[in-house]
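Step one of this worksheet: look at the structure below.
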Amino acid sequence: MTRVLLLSVVCLAWGLVAGVEAARGDDAPPFQITTRRDSDRVTVKIEEDRAIFDIRSPFGISNATIERTAAHWPQRVTLRLHLKGLEHFQITGGDLKVAGSAPRQPKPTPSDEKESDAADNKRPLEATIRMFDASGKPASKVPLESGCFEVDLPVRLIETNPKTLRLEWVDFYRN
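Have a look at this one:
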């Protein structure tokens, strides 16, 4: 039986991590990625304990499957969805299903909120969505013109170490 975990989605303003690049070139890529549409693009940047998946979907409604070829997922997994809006997204891994969306206007965030809260074991079922404009600065409204939504996957999902993650997304500003 599949369990559905609804996310407490918080929009935050944090600095964008350095640009996205292809998987490290020193050995075989640790992931095999399949997209629904030929126009969809998913690239990966590997950092010490983090994988960042950069997703571009011109049509705005699609899905992708990411299969790990390594023994384990990195400790942290981040998705960057280059869409104008995020009406719905869903991540399925093993028996866990996580779903959420980004509001058209971000909600205020308590001043004591920290970026690491999304990966904190005390709150493993929560995810954080951050919105950025084209220059990597925090965005305050949608539609995003050339920015992205950044989602940190919940720790519990990664700790279960599923072989594959299935991602689905819907942009409410479709082309």
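Count along the sequence shown from 1, add 515, and you get the number used in my numbering.
Glycine residues also receive a C-beta, built at the ideal position from the N, C-alpha and C atoms.
Would you mind giving the Cβ-Cβ distance between K599 and L668, rounded to the nearest angstrom? I have them listed as a contact below 8 Å.
Their Cβ separation, rounded to whole angstroms, is 22 Å, which puts K599 and L668 out of contact at 8 Å.
Neighbourhood of A649 by C-beta distance below 7 Å, restricted to the same chain and skipping five residues each side:
E660, S661, G662
Beta-carbon within less than 8 Å of S616's beta-carbon, same chain only, minus the 5 sequence neighbours each way: which residues are those?
V524, L601, E602, H603, F604
Quick check on DSSP: helix, strand or coil for L598?
coil
To test your reading of the DSSP string, which unbroken alpha helix (DSSP H) runs of 4 or more residues are found completely within the segment 660-688?
670-674
For a quick check, are the C-beta atoms of T549 and T593 less than 7 Å apart?
no
With DSSP as the reference, identify every bridge partner of D569, one or two as the case may be.
Answer is T558, R595, bridged to D569.
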